[in-house]
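K.L.:
Numbering (the working numbering), first residue to last: 241 to 318. By construction, the Cβ of each residue, glycine as well, lies at the ideal position given by its N, Cα and C atoms.
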Amino acid sequence: LLFLIEFLNFLWIRNTNLLVIGLSFLTFVSFLTLIISLTRSEAHTTFFIHHDTFLFRVFAFYSCRAGLKVVLLSGNKG
């Protein structure tokens, strides 16, 4: 999972359109996972995160970090 996110970060640096699409996708997925995990206390599958709060926290941290990176990069390019 972490490898996938890092790979996406690498791709985003190369292409600004991919950057925006990836950021919105990550934000959407993380919000969706958060909502699902909050509404269903015993969700069988929360996307690719299974009952693991630590994994979810790590995922949220990485998506936030990617978002910050995107904001900084777009600020530098603009």
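In angstroms with no decimal places, state the Cα-to-Cα distance between residue 298 and residue 263.
P.N.:
In the sequence shown, the residue the question calls residue 298 occupies position 58. In the sequence shown, the residue the question calls residue 263 occupies position 23. Between residue 298 and residue 263, the C-alpha separation is close to 16 Å.
K.L.:
Alpha carbon to alpha carbon, how far is residue 273 from residue 260? Give it in angstroms, no decimals.
P.N.:
In the sequence shown, the residue the question calls residue 260 occupies position 20. In the sequence shown, the residue the question calls residue 273 occupies position 33. Taking the straight line joining both Cα atoms gives about 20 Å.
K.L.:
Going by CA-CA distance only, name the one from 247, 245, 304, 246 that's closest to residue 271.
P.N.:
For the purposes of this step, residue 271 is taken as the residue at position 31 of the sequence shown. Looking at the Cα atoms, 304 is the closest of the given residues.
K.L.:
Just confirm the distance between the C-beta atoms of residue 306 and residue 245, as a whole number of angstroms; I'd bet it's less than 8 Å.
P.N.:
As a first step, residue 306 is located in the sequence shown; it is residue number 66 there, counting from the start. As a first step, residue 245 is located in the sequence shown; it is residue number 5 there, counting from the start. Contact flag correct, Cβ pair sits at about 7 Å.
K.L.:
Rounded to a whole number of angstroms, what is the C-alpha to C-alpha distance between residue 276 and residue 308?
P.N.:
Position 36 of the sequence shown, counted from the first residue, corresponds to residue 276. Position 68 of the sequence shown, counted from the first residue, corresponds to residue 308. Answer to the nearest angstrom: the Cα atoms are 24 Å apart.
K.L.:
Residues in its own chain within less than 6 Å of residue 302 by CB, not counting five upstream and five downstream?
P.N.:
Your numbering for residue 302 matches position 62 in the sequence shown. These residues qualify, in order along the chain: 245.
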